[in-house]
Amino acid sequence: MIIYLTGIDGAGKSTIMQSMVEQIFPNEEIVTIWARYRPRMVKMLISRFKKKYISEDNNGQAVNQQEYSDWHLFKKKITGWKVISRTIFLLQSVDYLAQLMKVRKIINQNKGKTIIIDRYTLDFIVDQTINHGNIENHFVTRIFLKKLYELDRIFLITVNETVAFERKNDIPSIEYLRERSMLYTHYMHKLPNGVIIDNNKNIDEALNKIKSYCVI
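Counting from 1, position 58 in the sequence shown corresponds to residue 1321 in our numbering; the numbering is continuous, with no gaps.
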């Protein structure tokens, strides 16, 4: 079984993953994969510009609201040019597809085992929608969505954005979370293997719902 956990930062994915390993699959060898996109090609192109907006002290890991706002506005200005936006998106997509080859290799090496993926192609789609606008009908987006159909279960872990913001110290603003939360929900309704898990209450309730979809 291949399971994918997704959701906004601060939703509790890491805690739920650990609890799944201990409580839902206690007698199994679980393979966990962190498969979030790590920019390489594009990073080389934009790093010198990013330094003007993001302080070196936090290296982009705990940007404050003003830094995020300034950097976001700069990216919007650049991606406002369709040719530039499409070029950057294609570079990012090729970069990520190359990284996903390693993920596929790990999956193939562990057939028959339960695999839990933290961050994957839906996270990439959401992040790049923020950067480039609506990419839903782009052929590359369809490629990434197709990869999601191959999974057994996709769990979107949801939580109130205010709660998520209080849990993390590296999120620039609540609005940062809200715009992503809407996109995650939008795409989840398109996935037949997708399940939305409310993690606002007791974590045991969330785990029980997940278990009902995992135990055969």
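From the three backbone atoms N, C-alpha and C, an ideal C-beta is built for every residue, glycine too.
For clarity, every value in this text was computed on a predicted model and none was experimentally measured.
Does the separation of the CB atoms of residue i and residue j fall below 7 Å?
{"i": "E1482", "j": "R1441", "result": "Beyond the ends of the chain as shown, which are 1264 and 1479, falls residue 1482; an answer cannot be given."}
{"i": "I1279", "j": "I1379", "result": "no"}
{"i": "G1273", "j": "A1427", "result": "yes"}
{"i": "T1421", "j": "I1459", "result": "yes"}
{"i": "I1473", "j": "F1387", "result": "no"}
{"i": "S1356", "j": "V1403", "result": "yes"}
{"i": "E1285", "j": "T1377", "result": "no"}
{"i": "N1373", "j": "V1294", "result": "yes"}
{"i": "R1416", "j": "Y1476", "result": "yes"}
{"i": "I1271", "j": "R1443", "result": "yes"}
{"i": "D1358", "j": "R1303", "result": "yes"}
{"i": "L1385", "j": "T1269", "result": "yes"}
{"i": "G1275", "j": "N1463", "result": "no"}
{"i": "V1305", "j": "L1354", "result": "yes"}
{"i": "L1411", "j": "L1363", "result": "no"}
Can you tell me where the beta strand (DSSP E) holding residue i begins and where it ends?
{"i": "R1416", "result": "1416–1421"}
{"i": "I1265", "result": "1265–1269"}
{"i": "G1457", "result": "1457–1461"}
Note the first and the last residue of the continuous alpha helix (DSSP H) segment covering residue i.
{"i": "V1284", "result": "Looking at the DSSP string, V1284 is not in any alpha helix (DSSP H), and its letter there is neither H nor E."}
{"i": "D1467", "result": "1466–1477"}
Using 6 Å as the cut-off, classify the Cβ of residue i as near or not near the heavy atoms of the ligand NAP, replying yes or no.
{"i": "L1354", "result": "Absence of the ligand NAP is noted for the structure shown, with no ligands found whatsoever."}
Could you tell me whether the Cβ of residue i comes closer than 7 Å to any Cβ of chain C?
{"i": "Q1391", "result": "In the structure shown, chain C does not exist; there is a single protein chain."}
In terms of DSSP beta bridges, what is residue i paired with?
{"i": "V1294", "result": "I1378"}
Exercise. Which runs of the beta strand (DSSP E) fall wholly inside the region 1358–1393 and span at least 3 residues, in chain order?
Worked result: 1377–1381
Exercise. Any contact of the region 1442–1454 with the region 1286–1305, i.e. 3+ C-beta pairs under 8 Å?
Worked result: no
For this session: With a floor of 4 residues, list each alpha helix (DSSP H) that falls wholly inside the region 1395–1455, ordered by position along the chain.
Result: With a minimum length of 4 residues, the continuous alpha helix (DSSP H) runs that stay inside the region 1395–1455 are 1402–1412, 1424–1430, 1437–1451.
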